[in-house]
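Chains as they are written, first to last, in the working numbering: chain Y, -3 to 295; chain Z, 956 to 1231; chain G, 359 to 639.
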């Protein structure tokens, strides 16, 4: 390690196994979230994207009760939820948000039940926190292959459907006119979203899942108008924010108030939000300049 | 009964040298025309010509970079302008009857709960009768057909007794039958209640029998006058800056740019106008 | 089931249900389900922060939900509304995870903030809950007409002087107030169910806006009461019952609307009744 970095990076950062796992998994999840999230933002489905993370907690807590890995609980629950959302959801955005809300409400009820069973059955009070907030540092290395498989599947679905997906996201009418089966594309996309969100929610927690899905993509779509480029930028922003967040969390072990360090999710969310605000400012600055020049012309 | 004495002259809307620039692009340039009470005016132009922008300027939702808008007459505390926006989507899941939507036109902007009142109810009933909508007054507004919804929206806009009624593409998405019904209804309302009606459309043909004045908009500029004055080859060629032919086919008018043969193959005004 | 201790539970839950029914009507009408989820969920972080600095949880809830409402309204003006809401909820929850990492609260405390503790409401807590509840309902009734107008036809309402942005802020502040009141009683996750499901079910049964609002209150009360009774009898968490009864009523509503539509379709277009029945209604 170069000497000048030593004040920034606490000793042992790169040789620590949980940190290595966190960097790899966090990076993979950030890339998948960036790609999938670009379409989530374009299609106005942020609520569904966020809800799936919360809905998955019902599956995750059920998995705790059954004693299997929460990842499978998340994936199973989310695929089911995505199916129900599509089934009761209507094309109109208002109807779709409501369908999402109904599914979310029911799933949260189930989560309440399973978490209750968890805490009473085994008195592992940590289950609630673990399922809701996840932790990138407590991830067993044995889960990495599964995570890799689900990531590849989610990214592959988006890449295979790329062109029809872009078209349906811009205008369903245009897509229908071109003979695209809009509903099928919608279902395929929801499956990709369900996989990506399960993956991120179980590894880094529900908060970070939404943050990585929406924040980088919304920022990228402010910077560029081209979908492919936006997905790449979103993935990049996500990876940088995640890695910086992991680094800061590792460093914060020695910060106030001497507890067990500050949570990764706090750092990553803050970074992503700041980048989003910056992109807004940039945009606002430009349009103000435009307004001034047109006003001058009018005079 | 619904009518109102005009204050002084009959002129209720005067647009004087309006220019509008939005995000660096000049949408309207030096637009001047006026509308009198009881007059039916068509605002004609292809999609994207600036019709909606002009309507939004009149409503005061966009401020022009130059020029003046003056709306005359009207009593205090009564809105001067009624407005029916373009392609409004009324959600069929919304628990709202046609009658409730019309009622919102009376006092939708006021605070407090709508208390049941017989005068209010009578007012709504009369308005529904006037637009021939009594039949479906109690139906959920989102479940009505396009023509029925259009009539309810017109009733909504008229019930506040405006001096001027603006309608943005009210004929889009209507079948030919309801198209003619809506036009006849508006023409009757304009005459009976001495209201100025300004209706924007990309197809002037349904309006030809009733239009008193035409405002033809293209390239951000307008030509105005009677249909015969404006819709002529010379006048439109001047407005568009390219050669334009005006063709009369039976009772319809086609406006054609460039070569006549090419355009005739297309057969309708909209696609031909958009050739330009 | 109706002991002195339980009376507080019945009372506070009933107040929450009434407010949720009234506010929920507009949430469903405006399609603001996401904001209705984000504010209570994010405000939960405020409660965690409040316990960190040693003030009452309700203060933290109020501060976070009001700031969240204003930020959603502010950011939503320039960007897509759902994106703004998603960012606000993650920022609030991110802060929440920070606060939690600094406190030594036990997990059951978190659980009760998320899933509520109807049975733990004391008589002294009942008063602020009732006061805030009355304020919420009064606020909704005060802006009922402009809010309805702006929700149904935002553009036309704007032309009549009912600003779209202003109504959005007013409405989100009402949701924030509802959040502040309801989270300590039914928890962050359940107030969402109570805001969405009854109102969504109610609109299938009536075509009149005010009746739908009343029906939404009735359904919310029914949901809460049966959930408390079932939770009491089965000893399972109340949240489970609120969630499943909510989804159940919505399904019944959809089924009813579908059945009615199918029945009336042959007479479609002439769905209106005869003028005589119209007059009597």
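Cβ coordinates follow ideal geometry from the N, Cα and C atoms, glycine included.
Here the structure is a predicted model, which means the values were calculated and not measured.
Residue i versus residue j: straight-line alpha-carbon distance, rounded
i: residue 1014 of chain Z; j: residue 428 of chain G; result: 28 angstroms
i: residue 1212 of chain Z; j: residue 983 of chain Z; result: 21 angstroms
i: residue 1092 of chain Z; j: residue 1076 of chain Z; result: 12 angstroms
i: residue 147 of chain Y; j: residue 160 of chain Y; result: 21 angstroms
i: residue 972 of chain Z; j: residue 96 of chain Y; result: 50 angstroms
i: residue 451 of chain G; j: residue 485 of chain G; result: 29 angstroms
i: residue 583 of chain G; j: residue 371 of chain G; result: 8 angstroms
i: residue 1058 of chain Z; j: residue 373 of chain G; result: 31 angstroms
i: residue 365 of chain G; j: residue 409 of chain G; result: 27 angstroms
i: residue 153 of chain Y; j: residue 58 of chain Y; result: 27 angstroms
i: residue 158 of chain Y; j: residue 986 of chain Z; result: 45 angstroms
i: residue 497 of chain G; j: residue 383 of chain G; result: 14 angstroms
i: residue 176 of chain Y; j: residue 183 of chain Y; result: 13 angstroms
i: residue 1051 of chain Z; j: residue 1104 of chain Z; result: 12 angstroms
i: residue 94 of chain Y; j: residue 391 of chain G; result: 6 angstroms
i: residue 53 of chain Y; j: residue 199 of chain Y; result: 12 angstroms
i: residue 1158 of chain Z; j: residue 1142 of chain Z; result: 17 angstroms
i: residue 550 of chain G; j: residue 13 of chain Y; result: 40 angstroms
i: residue 1169 of chain Z; j: residue 1188 of chain Z; result: 15 angstroms
i: residue 578 of chain G; j: residue 1138 of chain Z; result: 46 angstroms
i: residue 1074 of chain Z; j: residue 1171 of chain Z; result: 42 angstroms
i: residue 1112 of chain Z; j: residue 491 of chain G; result: 36 angstroms
i: residue 62 of chain Y; j: residue 592 of chain G; result: 21 angstroms
i: residue 1192 of chain Z; j: residue 571 of chain G; result: 58 angstroms
i: residue 1088 of chain Z; j: residue 1056 of chain Z; result: 12 angstroms
i: residue 1163 of chain Z; j: residue 1127 of chain Z; result: 16 angstroms
i: residue 1016 of chain Z; j: residue 1117 of chain Z; result: 17 angstroms
Other residues of its chain near residue i: CB distance less than 8 angstroms, five sequence neighbours each side excluded
i: residue 981 of chain Z; result: 974, 975 and 1175
i: residue 614 of chain G; result: 562 and 563
i: residue 504 of chain G; result: 515, 520 and 525
i: residue 1195 of chain Z; result: 1173, 1174, 1212 and 1231
Cutoff 7 angstroms; reference residue i; Cβ partners in own chain excluding five residues on either side
i: residue 393 of chain G; result: 430, 443, 530 and 533
i: residue 284 of chain Y; result: With a pLDDT of 46 at residue 284 of chain Y, under the threshold of 50, the modelled position of that residue is not reliable, and the figure given next carries that caveat. For residue 284 of chain Y, where only same-chain residues beyond five positions count, there are no Cβ hits under 7 angstroms.
i: residue 275 of chain Y; result: 215, 218 and 219
i: residue 1217 of chain Z; result: Annotation note: pLDDT 47 at residue 1217 of chain Z (below 50); position unreliable, no value reported.
i: residue 267 of chain Y; result: 237, 240 and 241
i: residue 119 of chain Y; result: Annotation note: pLDDT 43 at residue 119 of chain Y (below 50); position unreliable, coordinate value reported separately. Around residue 119 of chain Y: no qualifying Cβ.
i: residue 644 of chain G; result: Any property of residue 644 of chain G remains undetermined from this structure, which presents chain G solely from 359 to 639.
Other residues of its chain near residue i: CB distance less than 6 angstroms, five sequence neighbours each side excluded
i: residue 488 of chain G; result: 373
i: residue 1160 of chain Z; result: 1207
i: residue 499 of chain G; result: none
i: residue 1097 of chain Z; result: 1045, 1046, 1047 and 1049
i: residue 568 of chain G; result: none
i: residue 66 of chain Y; result: 56, 59 and 198
Terminal residues of the beta strand (DSSP E) in which residue i lies
i: residue 1165 of chain Z; result: Unbroken run through residue 1165 of chain Z: none, as it is neither H nor E.
i: residue 1154 of chain Z; result: 1151 to 1156
i: residue 1251 of chain Z; result: No answer is possible for residue 1251 of chain Z: the residues shown for chain Z start at 956 and end at 1231.
i: residue 68 of chain Y; result: First-last for residue 68 of chain Y: 66 to 84, but that is the alpha helix (DSSP H), not the beta strand (DSSP E).
i: residue 966 of chain Z; result: 966 to 977
i: residue 1001 of chain Z; result: Neither: residue 1001 of chain Z is in no beta strand (DSSP E) and is coded neither H nor E.
Cutoff 8 angstroms: residue i Cβ touching any chain C Cβ
i: residue 510 of chain G; result: Although the question refers to chain C, the structure presented lacks it and instead comprises the protein chains Y, Z and G.
First and last residue of the uninterrupted alpha helix (DSSP H) at residue i
i: residue 1131 of chain Z; result: 1131 to 1148
i: residue 53 of chain Y; result: 42 to 62
Next on the checklist: Taking 8 angstroms as the cut-off, does the stretch 593 to 611 of chain G touch the stretch 548 to 562 of chain G (at least 3 CB pairs, one atom from each stretch)?
Outcome noted: Contact holds between the stretch 548 to 562 of chain G and the stretch 593 to 611 of chain G, because three or more Cβ pairs, one in each stretch, are under 8 angstroms apart.
Checklist entry - Quick check: the stretch 1068 to 1081 of chain Z against the stretch 1033 to 1043 of chain Z, are there 3 or more CB pairs under 8 angstroms? => result Contact check between the stretch 1068 to 1081 of chain Z and the stretch 1033 to 1043 of chain Z: fewer than three CB pairs, one atom from each, fall below 8 angstroms, which does not count as touching.
Next on the checklist: Beta carbons nearer than 9 angstroms to chain Z: which residues of the stretch 517 to 532 of chain G have them?
Outcome noted: Listed in sequence order: 517, 518, 519 and 520.
Checklist entry - If you pair each beta-carbon of the stretch 1142 to 1158 of chain Z with each one of the stretch 987 to 1004 of chain Z, do three or more pairs fall below 8 angstroms? => result Touching, per the Cβ criterion.
Checklist entry - Is the stretch 69 to 78 of chain Y touching the stretch 18 to 31 of chain Y, taking contact as three or more C-beta pairs under 8 angstroms? => result Contact fails: fewer than three Cβ-Cβ distances are below 8 angstroms.
Checklist entry - Between the stretch 170 to 183 of chain Y and the stretch 221 to 240 of chain Y, do three or more beta carbon pairs fall short of 8 angstroms? => result Judged by pairs of C-beta atoms under 8 angstroms, the stretch 170 to 183 of chain Y does not touch the stretch 221 to 240 of chain Y, as fewer than three such pairs exist.
Checklist entry - Quick one: any contact between the stretch 188 to 196 of chain Y and the stretch 35 to 51 of chain Y, if contact means 3 or more CB pairs under 8 angstroms? => result Contact between the stretch 188 to 196 of chain Y and the stretch 35 to 51 of chain Y is present, because at least three Cβ pairs lie under 8 angstroms.
Checklist entry - Are the stretch 1126 to 1136 of chain Z and the stretch 537 to 552 of chain G touching by the rule of at least three beta carbon pairs closer than 8 angstroms? => result Verdict: no, contact absent.
Next on the checklist: Counting only Cβ-Cβ distances shorter than 9 angstroms, please list the residues of the stretch 1015 to 1029 of chain Z near chain G, keeping chain order.
Outcome noted: If you check each beta-carbon in the stretch 1015 to 1029 of chain Z against every beta-carbon of chain G, the ones closer than 9 angstroms belong to 1015 and 1016.
Checklist entry - Does the stretch 224 to 236 of chain Y touch the stretch 204 to 212 of chain Y, meaning 3 or more C-beta pairs lie closer than 8 angstroms? => result Output reads yes: the stretch 224 to 236 of chain Y touches the stretch 204 to 212 of chain Y.
Checklist entry - Can you list, in chain order, the residues of the stretch 29 to 45 of chain Y whose Cβ is nearer than 7 angstroms to any Cβ on chain G? => result Listed in chain order, the positions of the stretch 29 to 45 of chain Y with a beta carbon within less than 7 angstroms of a beta carbon of chain G are 37, 40, 42 and 43.
Checklist entry - Is the stretch 98 to 116 of chain Y close to the stretch 582 to 600 of chain G, with three or more CB pairs under 8 angstroms? => result Yes, the stretch 98 to 116 of chain Y touches the stretch 582 to 600 of chain G.
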